[in-house]
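Start counting at 1 in the sequence shown, then tack on 184, and there's your number in the numbering used here.
For glycine and all other residues, C-beta sits at the position ideal for the given N, C-alpha and C.
Model, not experiment: these values are computed from the prediction.
To keep things clear, I will list the structure first and then write my remarks on it.
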Amino acid sequence: MDKRRNSKGGQRSRRGILLDDDDDARGDSQNFWGPCKTLHDYFIDLSRKRASVREEALSTILKALTLNIEQKFVELNFVTLVYQCLHFIKKGSLTEMKQAAHIIGLLSMITTTVEKVHEAYEDVLTALSQGGLKPKLKTLEILGCLAVVTFFGASNSDETESVMKLLWDLINPGTDSSIERKDSPAVLTAMISSWSFLLSTIDGWRLSHKNWQGAITYFSNIIDSNDEELCAAACEALALVFESNCLEKFSSATKDSNKELKDNIIKQLRSRLSETGNERISSQDPRTGFNSASAALDFLEDGKCANTHVTIGGQKLILSTWSQKVQLKFLKHFLRNDGFVKHMMENENFHNVFDFHPKRRNDWGNVLYVPEREEVTILLFRPMVARHNDCSLLPSLTRDKQLAKKKTMSPNSHLSKARTQLLKKQRDLSLKEREFDCFDY
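Listed below in structure tokens is the structure:
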């Protein structure tokens, strides 16, 4: 009797359905007939043998951590998730590597445990510093992961600067002939943006005097690039360098030479912006609402950063420094718009970074707290009247009923007026609720 079993006994047929004997197949069949899978189920699926199951699990976890603050899940599984994702970065497919790198960044920005995120920083830096994994640093997702983990996990400026040095050696190989400059504009833009993102966290006086010599000249040469995003990244880096007020750490020139270098950069920016026909009219970055080249020119000319603001959940976030603008742009790019708004509203780490404290909302998503029930009580004095069996008091009883009806049902009664005031108050609250529902996210 043919049981449709292969030579290895790895498959069997049951009522015309081909089943695998491994754990992955059993998990799939249970999935088909069983209830919807939870986030923990997808966490278990990361250990499956089938690549498609692992990729689906990574994709689901990535989406869940982006659009929701799964605080309890992250705190319970942080260490295991980080090590599993590092394994995917080292030995997984390209899709698994990209998703795993993004998940590590999300874990780092969600957890509130300092020790955990610092351990993740050390593990990621150690893994990516190995010779075999260094080429993967030029992957956009790996660059974002490294920058975010360092931003939230580095415990001091020295640790942050060590990652900046790793990025700088990729950005500006110098005379090292072993590193060829074949990076696409998108990869070079991501490298510079990651470097600037980390620079925004360090006070200028803490920076090394020897690591960043020639940075001003390098970024000024990129301003003339035909790639808009690459030019914007260079402008932001230059603005941060000048905002640090420590130009001697980014250039070996004297003060007079630095002034001349600044004047040349201003001329470059004017020339580039004039190509559009107006120095102040140019394409704006949708993530920040301002044009980096135009804003950098204003900053270099005036010596101060102009305030800008973004609206998040109906509340304005004021950006008064280049550091804040660069941080917001980078994190918004990492999370995309929907994820960024969610994290800004609910992620405690983001509240601390941007000093942003959104108004607390109730379960219906509105700022107003509407009482579930309101009552109005009116006390009426009614004298006791002796009741007899005879009919002598019938007129008096009728008058009492008329009086009670007048006090409760008449439009001019106290009860009717109180009821009208209560209904008016509830209508006003409903109007305000509809206004809050129309917030521009």
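Three or more Cβ pairs closer than 8 Å define a contact, and the region 445-456 meets that threshold against the region 481-488. A straight line joining the alpha-carbon of Lys488 with that of Asp387 spans about 17 Å. Here Cys329 is buried: its Cβ has 16 or more other Cβ atoms, across all protein chains shown, within 10 Å.
The alpha-carbon of Thr495 is positioned some 15 Å away from that of Arg520. In terms of Cα proximity to Glu427, the closest of Asn356, Ser504, Gly289, Ser368 is Ser504. Spatial neighbours of Ala423 in its own chain (CB-CB distance under 7 Å, excluding positions within 5 residues in sequence) are listed in chain order as Ala480, Phe483, Trp506. Residue state for Gln499 is assigned as strand, using DSSP reduced to three classes.
For the options Lys349, Leu354, Leu431, the alpha carbon positioned closest to that of Thr334 is the one of Lys349. Selection Thr344, Lys609, Asp307, Thr604 evaluated against Val263 yields Asp307 as nearest (Cα-Cα).
Under the three-state reduction of DSSP, Thr297 is assigned to coil, being neither helix nor strand. For His224, the enclosing alpha helix (DSSP H) starts and ends at 223-229. When the alpha-carbon of Asn533 is set against those of Val510, Thr401, Gln255, Gln610, the nearest one is in Gln255.
When DSSP states are grouped into helix, strand and coil, His598 belongs to the helix group. Shown here, Thr492 sits in a strand according to DSSP, grouped into three states. For Glu485, the enclosing alpha helix (DSSP H) begins and ends at 476-486. Scanning the region 269-337 from its first residue to its last, the whole alpha helix (DSSP H) runs of 4-plus residues come out as 278-294, 298-312, 324-337. Leu251 and Asp367 have their C-alpha atoms roughly 32 Å apart. Contact holds between the region 234-251 and the region 288-298, because three or more Cβ pairs, one in each stretch, are under 8 Å apart.
In terms of Cβ geometry, Ala304 and Gly337 form a close pair [threshold 7 Å].
In the structure shown, Glu530 adopts helical secondary structure according to DSSP, grouped into three states.
Gly358 counts as exposed, since fewer than 16 other beta carbons sit within 10 angstroms of its beta carbon.
In terms of Cα proximity to Tyr402, the closest of Leu382, Phe434, His271 is Phe434.
In the three-state reduction of the DSSP assignment, Gln508 falls in the helix class.
If you compare the alpha carbons of Ala374, Ser339, Phe524 with that of Leu354, the shortest gap goes to Ala374. For the options Ser341, Phe381, Ile376, the alpha carbon positioned closest to that of Ile406 is the one of Ile376.
For Trp379, the secondary structure class from DSSP, reduced to helix, strand or coil, is helix.
The continuous stretches of alpha helix (DSSP H) do not include Trp396, and DSSP gives it neither H nor E. Around the Cβ of Leu372, a 10 Å sphere holds 16 or more other Cβ atoms; the residue is buried.
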